[in-house]
Structure formats: C-alpha cells, structure tokens
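Heads up: the protein sequence lines correspond to chains A and B, in order. The opening position of the first sequence corresponds to residue 1 in UniProt numbering, with each subsequent residue numbered one higher. The opening position of the second sequence corresponds to residue 1 in UniProt numbering, with each subsequent residue numbered one higher. Below is one structure, written out as structure tokens; the observations come after it.
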Amino acid sequence: MQSNKNKNRTMITASLLTIAMAASSYSIAADDLPLAGKTVGVTVIGTDHDWDLKAYQGQVDELKALGAEVIALDAGRNDQTQISQIQTLIAQRPDAIIEQLGNLKVLNPWLKRIKQAGIPLFTVDTATPHAINNTTSNNYNIGAELALQMVQDMDAKGKVVMFNGFASVPVCKIRLDQVRYVFESYPDIEIIDPELRDVIPNTVQQAYSDMTDMLTKYGPDSGLKSVVACWDVPMIGATQAIEAAGRTDVKTYGVDGSPEYVEMVKDPDSQAGAVVVQQAYEIGKQAAQNVATYLNGGKVPSFTMVPAVLVNKNSEL
Amino acid sequence: MKLQLFKSDMNSNGYTLQKMAIRLGAFAAFLGIMVFFAVTARGFTTSYNILNIIEQSTILGFLAFGITVVFIGTGTDVQKGGIDLSIAANAGLCAAVYAVLLERGYGDSLAIPAAIATGLCVGFLNGFAVVTLRIMPLLSTLAVMNIAAGLELAVTQNTVIGAASPLLDTLAFGKFLGISALAWCLIIGAALMVAIVHYSPVGLRLYSVGGNVEAAKSVGIYAGRYVYGSYLFSGFAAGAASILIVARLSASTPGTGLLLLPVLAAALLGAVFSRRFVPTIGGTLLAVLFIGALSNGFQLLGISSYWVSGVQGALILVVVAVTSFAKKS
Chain A
1 MQSNKNKNRT MITASLLTIA MAASSYSIAA DDLPLAGKTV GVTVIGTDHD
51 WDLKAYQGQV DELKALGAEV IALDAGRNDQ TQISQIQTLI AQRPDAIIEQ
101 LGNLKVLNPW LKRIKQAGIP LFTVDTATPH AINNTTSNNY NIGAELALQM
151 VQDMDAKGKV VMFNGFASVP VCKIRLDQVR YVFESYPDIE IIDPELRDVI
201 PNTVQQAYSD MTDMLTKYGP DSGLKSVVAC WDVPMIGATQ AIEAAGRTDV
251 KTYGVDGSPE YVEMVKDPDS QAGAVVVQQA YEIGKQAAQN VATYLNGGKV
301 PSFTMVPAVL VNKNSEL
Chain B
1 MKLQLFKSDM NSNGYTLQKM AIRLGAFAAF LGIMVFFAVT ARGFTTSYNI
51 LNIIEQSTIL GFLAFGITVV FIGTGTDVQK GGIDLSIAAN AGLCAAVYAV
101 LLERGYGDSL AIPAAIATGL CVGFLNGFAV VTLRIMPLLS TLAVMNIAAG
151 LELAVTQNTV IGAASPLLDT LAFGKFLGIS ALAWCLIIGA ALMVAIVHYS
201 PVGLRLYSVG GNVEAAKSVG IYAGRYVYGS YLFSGFAAGA ASILIVARLS
251 ASTPGTGLLL LPVLAAALLG AVFSRRFVPT IGGTLLAVLF IGALSNGFQL
301 LGISSYWVSG VQGALILVVV AVTSFAKKS
C-alpha cells in the first residue's frame with residue numbers, strides 16, 4: 001500500500017516535470033538562437049559537489065545552445081573569490097548575470113551592486129530581492145516531505161540529530177525550518193540540542209566523526225532514530241558511521257540526490273532512509289531559458305520551481 | 001695583486017649584470033602579461049577594472065606588508081630566515097572576533113581594538129616561539145597557524161557571521177575622488193609603510209638586523225626585540241586586514257587561511273622587483289598588484305580560479321629558485 005502510494009507520487013511528480021519542461025522549451029522554440037550576440041556571466045560559489053556541478057553545467061550548456069557568449073566563473077568555494085568575480089563581471093558589463101548559491105549575508109550587498117549597475121540578475125537557489133528571477137526547487141515542499149517521511153519511519157517519536165552548518169544559505173534554512181515546523185505537530189519527536197555543524201570541505205569525514213561521537217553518546221536505548229541535513233553529502237558520512245557502529249535503529253535523511261547517497265538509499269541493507277532528489281541540471285537549464293525569455297522582452301516570474309522527487313526504500317528507480 | 005683586483009671587478013660586474021637581468025626579466029614578465037591581458041581580456045584596461053584590481057588587492061597588500069616586515073627583520077633565507085605562515089589564519093581569527101563582537105551588539109570602538117589585540121597576541125606568540133623558545137620559524141609559525149585556525153573555528157562554529165557597522169559600510173561602499181575606500185586604504189597604507197620602513201631609524205635598524213644580525217648586535221642594536229617587533233607587526237597587519245575582510249564580505253567567513261599562498265607569493269616576488277633582491281614595500285606593492293591583475297585577468301578570460309592557485313605556487317617556486325641562485329652566484 002505504502003509502496004504504491006510512493007510510486008504514484010513519484011509518477012505524478014515525474015509527469016509534472018515533463019509537462020513543465022515541455023512548456024518551457026516551447027516558449028523559446030520560436031527563435032532558434034534567442035541569445036545570439038548576447039553575453040551572459042555565470043558566477044557560482046563552487047562546483048565541487050554533484051548538485052553544484054550539474055546546475056552549473058545546465059546553465060552553461062543551455063546558454064551556449066541558445067547562442068550566448070558565456071563568461072563562466074567558479075569561485076572554488078571561496079567567498080572572497082566570488083566577490084571579486086562578481087566585481088569583475090560587473091566591469092565587463094554582460095547583458096545578464098546568473099548567480100548560483102553562496103552565503104546570502106556575503107552576497108546580498110554585491111547582488112545589489114549588480115542591480116544598481118543596470119545588469120539583469122538571475123539566481124539559481126538564491127532567494128534575493130535583487131534578482132529578477134530565482135530558479136530553484138520548491139524547498140518548502142522538500143523540507144516538509146522529508147520531515148513527513150521521517151515522522152512515518154520513526155512512528156512519530158524519538159530523537160533526531162540535525163546537521164545545521166549552513167543557516168546562511170537560504171535553501172538550507174528553508175528546508176530545515178520546514179522540518180522543524182512539521183515536527184511541531186509531533187511532540188514526541190525531539191531534535192537533539194546542540195545541532196551539529198556540517199562543513200565544507202571534508203564534509204564526509206567530519207560528518208562521519210561527528211556522527212560516531214553522537215552514537216557513542218546516544219546508545220541503542222536512547223531513542224535516537226534519525227539524522228537529517230539540508231543536503232546529502234554529510235549524510236554519506238553519517239550513514240557510514242551508523243553502519244560501522246553496527247546500529248540498525250538510526251536512519252539518515254538528506255536532499256539533493258548525489259549519486260552515492262541515492263545508491264545508499266536504494267540499498268535495502270543501508271541505513272540511508274530517504275533523499276529528495278532535485279533536477280539540478282534542469283534547474284540550470286531553466287535559469288538560462290529565463291534569461292533568454294527576459295532578454296527577448298518576455299515576462300519572467302519572480303521564481304521558477306523545478307519539481308523534485310522523494311526517493312525512499314520503496315521507490316522504484 | 002692587480003690581476004686579483006681585476007678578477008674581483010669582473011665578478012662583481014657579472015654579479016650585477018646577472019641580478020639586473022633577473023630584475024629586468026621580472027619587469028618584462030609583468031609588462032608582457034599586462035599587455036597580453038590588455039589585448040585579450042575584454043574590459044581589462046577600463047578605469048573601472050583597474051580600480052577593481054587595486055581594490056581587490058588591498059587585503060592581500062596589508063597581509064603581504066606584514067610578512068614583508070618579517071622578511072626584512074629576519075632575512076630572506078628560506079631555511080635560516082624568518083617567515084610568518086600564521087598571518088592569513090591570524091587574519092581569519094581576528095575577523096571572527098571582530099564580527100562576533102559586532103553581532104553581539106558591541107560597537108566598533110570595542111570590536112576594532114579587540115580584533116587588533118587578537119592579531120597582536122598571535123604575533124606575540126610567534127615572537128615568543130621564534131625568539132625566546134628558538135623554534136625554527138617555519139615550524140613554529142606553522143603550529144601557530146593551526147592554533148589560530150582552530151580558534152577561529154571555535155569562535156565562529158565554522159559558520160558565516162554577518163557584520164554591519166557605519167565604518168564597514170564606508171569601507172565597503174564609500175568613494176572619494178572616484179576611488180573606492182578600500183583602494184584608498186591600500187594607497188595610504190603603502191605610503192605609511194614606505195615612510196616607516198624606508199625612511200625612519202626603526203626601519204633602517206630592522207634592515208640591519210635582517211641583513212646581518214651579528215653586525216647589528218655589535219653596534220648595540222637589540223636584535224631580538226626587532227625580531228619580536230616584526231612578528232608583532234605581522235600580527236597587527238593581520239588585525240588591520242581582518243577589518244577590511246569583514247568590510248568586503250559583510251561577514252566573517254571560513255576560508256581566510258587560503259590567502260596564505262598569494263600573500264607568500266607577493267612577499268617573495270616583491271624582492272625580485274627590488275635592486276638588491278631584498279624585500280621592500282614598493283616591491284611588495286608591485287607584486288601584490290601583479291598577483292591581483294593576474295587573478296583579475298584570469299577571471300576576465302574565464303579561466304578557472306583553480307589555475308590561479310597553481311600559478312601562484314609556480315611563482316613562489318620560480319622566485320625562490322631565481323633569488324637563491326642569484327645570491328649564491
């Protein structure tokens with residue numbers, strides 16, 4: 001019964017995705033190279049994770065396919081570098097800039113400068129008032145769906161370890177806030193205080209060692225049942241730690257759809273519980289298409305959401 | 001006797017010629033790369049972009065001045081001389097202290113002295129390890145680098161700490177005569193440094209300690225104090241740079257320690273631009289602008305920022321090899 005329900009949900013989401021993609025492709029099909037003669041700058045905080053790289057490639061590939069000259073800059077996970085890159089991009093005066101992820105506290109004053117320089121700004125996974133459009137997943141739904149799956153797996157009671165190192169990254173904040181909101185309705189679920197900090201770099205190793213410490217502190221009779229983070233790379237380390245400790249009472253939950261973690265979720269013997277898989281490449285493509293629509297005089301909504309799919313042990317992939 | 005004199009003249013001429021060739025080579029490489037960027041990179045020569053390069057080089061400049069003073073006071077010999085590997089991590093720690101204090105509601109009047117004091121404490125620790133405990137500078141400052149990096153993580157919990165104050169706003173977005181506040185900081189900072197290091201008795205004594213410590217001691221200079229002083233200054237430079245870092249990023253963020261490579265590259269490369277291959281403020285400033293222009297040109301050409309690190313590493317290798325080769329000959 002449960003399996004069918006999930007299967008249906010996956011199928012509905014997949015159909016919606018197909019329709020959305022078909023519609024967006026159609027909207028720009030009128031002109032073969034709508035961005036011919038245009039220069040578009042792309043600045044991303046990093047491409048060292050699967051999601052980042054796919055979304056970045058989606059933008060660059062699609063912009064080129066639409067005829068644009070692309071100035072693509074990867075900041076190598078360094079805020080200073082990204083700021084310098086944004087400043088340099090402004091100096092080059094491209095026809096539009098797409099910015100992907102990063103720390104909002106650092107970025108916002110600089111995104112404002114892009115707007116002040118009169119360059120249309122588009123973002124990927126970064127909600128900011130300075131952008132014309134933000135292309136992203138529905139992170140509110142992602143958080144809620146993941147939390148509901150956890151509630152179900154935990155029988156609505158038990159302790160949760162939360163990795164929360166990236167509260168300054170808007171999508172992370174939204175997802176984990178939603179998880180907390182869902183838990184409010186289930187008073188027997190408790191998030192362990194203090195929350196843990198996931199880090200970049202050394203994400204997997206650090207999560208492994210932090211999780212090992214938590215498992216020592218919270219033994220099999222402690223009621224610890226779940227581990228969650230706003231993405232899935234730390235969950236790879238956490239799952240490995242749980243399995244190394246021989247524990248079968250604790251499951252992990254993440255977001256993004258990194259291939260290694262999806263494999264773990266699909267493995268019936270793994271302690272990886274569920275992951276919300278995002279369409280990173282499609283998100284990047286969609287952002288590029290929004291630029292094309294806007295630069296050709298079309299109307300672009302303030303956000304475009306590309307559907308994501310929850311994958312659990314019962315999903316058929 | 002005559003013959004010997006002639007021979008020594010020949011040697012000294014050859015020596016000078018070789019040095020001059022290396023120095024001119026460095027200038028030629030600098031100019032060549034600038035011309036290459038001017039021709040190939042869109043927007044490189046616009047006044048807006050040139051001001052960007054200066055602004056982007058300010059933080060690097062402050063840190064490179066700190067390490068240059070350590071080089072001046074302790075000699076540039078890579079093995080026997082001094083070095084401050086902790087300077088970038090120290091700046092990260094100072095930025096963390098500064099941002100946390102601002103976030104907790106303390107104003108600039110407390111947060112700035114606290115950031116500078118933090119930098120000075122780390123500088124003192126370096127001086128203590130190198131001068132008092134006589135630990136090799138490469139190792140002692142490496143250890144202090146880890147202490148500073150660890151403390152930064154402890155203070156920030158490895159998170160981004162947002163910071164705002166009127167001073168930070170002015171530094172980040174202020175302009176005077178069309179030049180941004182950060183660029184002014186570099187211009188004024190460099191002028192002050194030149195005055196202190198090259199035209200004051202303290203600066204000249206520092207050069208004598210770094211040039212030949214025994215000779216300096218024999219004329220009554222307390223060499224240890226100057227070495228201590230150079231590490232303290234390096235700590236001060238980290239503290240001052242931290243305020244500029246927080247201004248530029250509107251926050252303290254993890255990753256400031258990564259500045260060590262470009263800072264070292266700038267300070268070492270600076271010596272090549274000077275006549276006698278000694279570290280000078282002017283040389284360091286030129287090297288800082290060179291590295292800034294290199295990063296900027298790479299960005300304009302759309303070359304991955306990862307290559308910039310590679311080029312900086314290669315620069316360090318080439319500069320150290322060339323200067324030690326020139327000194328030996």
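Even glycine gets a Cβ: it sits at the ideal position worked out from N, Cα and C. Since we're looking at a predicted model, the values are computed, not measured.
Where the beta strand (DSSP E) through residue i begins and ends
{"i": "A/K251", "result": "251-256"}
{"i": "A/K159", "result": "158-162"}
{"i": "A/V228", "result": "224-228"}
{"i": "A/E145", "result": "Careful: A/E145 lies outside any beta strand (DSSP E), inside the alpha helix (DSSP H) at 139-153."}
{"i": "A/M235", "result": "Premise fails: A/M235 lies in the alpha helix (DSSP H), 233-244, not in any beta strand (DSSP E)."}
Contacts that residue i makes with chain A (C-beta to C-beta distance below 7 Å)
{"i": "B/V160", "result": "N103, K105, V106, S168"}
{"i": "B/L258", "result": "N78"}
{"i": "B/N296", "result": "T88"}
{"i": "B/S304", "result": "D74"}
{"i": "B/T253", "result": "D79, N103, V106"}
{"i": "B/L300", "result": "T88, Q92"}
Per DSSP, cross-strand counterpart(s) of residue i
{"i": "A/L121", "result": "A/I97"}
{"i": "A/L310", "result": "A/V276"}
{"i": "residue 358 of chain A", "result": "The displayed coordinates of chain A run from 1 to 317. Any statement about residue 358 of chain A would go beyond what the structure contains."}
{"i": "B/I179", "result": "B/F176"}
{"i": "B/S252", "result": "B/I161"}
{"i": "A/F303", "result": "A/N134"}
{"i": "A/T39", "result": "A/E69"}
Neighbour list for residue i in chain B, Cβ cutoff strictly below 8 Å
{"i": "A/I83", "result": "R248, L249"}
{"i": "A/R180", "result": "The contacting residues do not exist; A/R180 stays about 18 Å from chain B at best."}
{"i": "A/P109", "result": "A172, F173, S250"}
Residue span of the alpha helix (DSSP H) that contains residue i, given as start and end
{"i": "B/F273", "result": "No alpha helix (DSSP H) holds B/F273; DSSP gives it neither H nor E."}
{"i": "B/T170", "result": "166-173"}
{"i": "B/F128", "result": "From DSSP, B/F128 is part of no alpha helix (DSSP H); its letter is neither H nor E."}
{"i": "B/F65", "result": "47-74"}
{"i": "B/N90", "result": "87-103"}
{"i": "B/I245", "result": "223-249"}
{"i": "A/E195", "result": "Neither: A/E195 is in no alpha helix (DSSP H) and is coded neither H nor E."}
{"i": "B/A41", "result": "First-last for B/A41: undefined, no H or E at that position."}
{"i": "B/S208", "result": "201-211"}
{"i": "B/M136", "result": "Premise fails: B/M136 is in no alpha helix (DSSP H) and is neither H nor E."}
{"i": "A/Q205", "result": "203-217"}
{"i": "B/F298", "result": "281-301"}
Neighbourhood of residue i by C-beta distance below 7 Å, restricted to the same chain and skipping five residues each side
{"i": "A/K299", "result": "none"}
{"i": "B/Y231", "result": "V70, D84, G123, N126, G127, V130"}
{"i": "A/T239", "result": "T252, M264, S270, Q271, A272"}
{"i": "A/N103", "result": "D79, S168, V169"}
{"i": "B/T58", "result": "L182, A183, C185, L186, L244"}
{"i": "A/I132", "result": "P120, L121, F122, Y294, V300"}
Under 9 Å by beta carbon: chain A residues contacting residue i
{"i": "B/G313", "result": "What B/G313 touches in chain A: nothing, since even the nearest Cβ is about 14 Å away."}
{"i": "B/R104", "result": "What B/R104 touches in chain A: nothing, since even the nearest Cβ is about 16 Å away."}
{"i": "B/Q18", "result": "In chain order: nothing, as chain A lies at least about 37 Å away."}
beta-carbon residue i near the ligand ADP non-hydrogen atom, thresh 7 Å
{"i": "B/A64", "result": "With respect to the ligand ADP, the structure offers nothing, as it holds no ligand at all."}
Beta-carbon contacts of residue i that lie in its chain and below 8 Å, excluding the five residues immediately before and after
{"i": "A/A22", "result": "Confidence at A/A22 is low in this model, with a pLDDT of 45, below 50, so the placement of that residue should be treated as unreliable; the coordinate-derived value is given next. Around A/A22: no qualifying Cβ."}
{"i": "A/V40", "result": "L63, A68, E69, V70, I71, P94, D95, A96, I97, I98, A288, V291"}
{"i": "B/K175", "result": "A181"}
{"i": "A/N134", "result": "F122, T123, V124, D125, T126, A127, T128, S302, F303, T304"}
{"i": "B/F236", "result": "G66, I116, G119, L120, G123"}
Close Cβ partners of residue i (< 6 Å) along its chain, the five nearest in sequence each way excluded
{"i": "B/P137", "result": "G82, I83, V130"}
{"i": "A/I19", "result": "Below a pLDDT of 50, predicted positions are generally treated as unreliable, and A/I19, at 47, falls in that range; the measurement from the model is reported next regardless. Hits under 6 Å: none found."}
{"i": "B/S324", "result": "none"}
{"i": "B/E55", "result": "S180, L182, A183"}
{"i": "A/A147", "result": "V179, V182"}
{"i": "B/L206", "result": "I72, G73, Y226"}
Amino acids of chain B, ordered along the chain, whose beta-carbon sits closer than 9 Å to that of residue i
{"i": "A/G165", "result": "Q157, N158, T159"}
{"i": "A/I114", "result": "The contacting residues do not exist; A/I114 stays about 14 Å from chain B at best."}
Cross-chain neighbours of residue i in chain A, by beta carbon under 8 Å
{"i": "B/L186", "result": "Near B/L186 there are no residues of chain A at all, since even the closest Cβ is about 15 Å away, more than 8 Å."}
Where residue i meets chain B, residues with beta-carbon distance less than 7 Å
{"i": "A/A91", "result": "G43, T46, Y48, N49, N52"}
{"i": "A/V199", "result": "N158"}
{"i": "A/I71", "result": "G302"}
> Of the residues that make up the region 47-73 of chain B, which ones have a beta carbon closer than 7 Å to any beta carbon in chain A?
Replying inline: Y48, N49, N52, Q56
> For the region 168-183 of chain B, which residues have a CB atom closer than 7 Å to at least one CB atom of chain A, in sequence order?
Replying inline: A172
>> Along the region 233-250 of chain A, where does the CB come closer than 9 Å to a CB of chain B? Name the residues.
In response: none
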